[in-house]
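The letter at position 3 of the sequence shown is residue 3 when you use UniProt numbering, and the numbering goes up by one with no holes.
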Amino acid sequence: MKKALLKKIPVVEAGIRDKQYMELCRQNYLMKVQKATVAHKRTLILNLYDAENIIKEQYQPFCRIFFSNRDFITYFIKENRWSIKTLDILEAEKGKFISQIAIRTYKEKRSIQQFFHCTDDAVDSIQLIQIEQQKRKAEKSLKKKKKEV
Numbered sequence: 001m002k003k004a005l006l007k008k009i010p011v012v013e014a015g016i017r018d019k020q021y022m023e024l025c026r027q028n029y030l031m032k033v034q035k036a037t038v039a040h041k042r043t044l045i046l047n048l049y050d051a052e053n054i055i056k057e058q059y060q061p062f063c064r065i066f067f068s069n070r071d072f073i074t075y076f077i078k079e080n081r082w083s084i085k086t087l088d089i090l091e092a093e094k095g096k097f098i099s100q101i102a103i104r105t106y107k108e109k110r111s112i113q114q115f116f117h118c119t120d121d122a123v124d125s126i127q128l129i130q131i132e133q134q135k136r137k138a139e140k141s142l143k144k145k146k147k148e149v
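As structure tokens, then:
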């Protein structure tokens, strides 16, 4: 994935409705979903916002996770750094349960399921993201091992 191209994709900011929603649902994070085409590849962009910041009316995400067909990468905006950390590692860093992520609209949940070709509505979107991240990380490590041999 070309980082320079990914950085150029405009950030979706949270808004007043998101603030109202976060005050009601008492989750730790909010996730807003974007879809884009980057270098002729469809890309799913997950913008993660800290609930405390949204309540303080700071509507910028703290990180963005970019998914392509076989890869994912996370961009931390304030630190201006890239990583391939999964959601559960983010949980350890932030000290808050990452499972407490609110996805406000059904349309956003559907976008996640469609991107990962999941037709089962019983599967939670956050769980689906974690499964896909683990799968793609395992595929990368297998490719690395094959190159070494």
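Don't be surprised by glycine CBs; every beta carbon is placed ideally from N, CA and C.
Counting only runs of 4+ residues, the alpha helix (DSSP H) found wholly inside the stretch 95 to 127 occupies 106 to 115, in chain order.
The stretch 71 to 87 makes no contact with the stretch 19 to 36: fewer than 3 CB pairs, one atom from each, lie closer than 8 Å.
Contact between S111 and K35 holds, with the beta-carbon distance rounding to 6 Å and staying under 8 Å. Residue range A51 to I55 is occupied by the alpha helix (DSSP H) that includes I55. Spanning the alpha carbons of I45 and I73 requires a straight line of approximately 10 Å. For A4, the secondary structure class from DSSP, reduced to helix, strand or coil, is helix. Q60 carries a coil assignment under DSSP once its states are collapsed to helix, strand and coil. Closest in C-alpha terms to L90, from the list D71, R64, F115 and E139, comes R64. K19: not part of any beta strand (DSSP E); member of the alpha helix (DSSP H) spanning I16 to C25, first to last residue.
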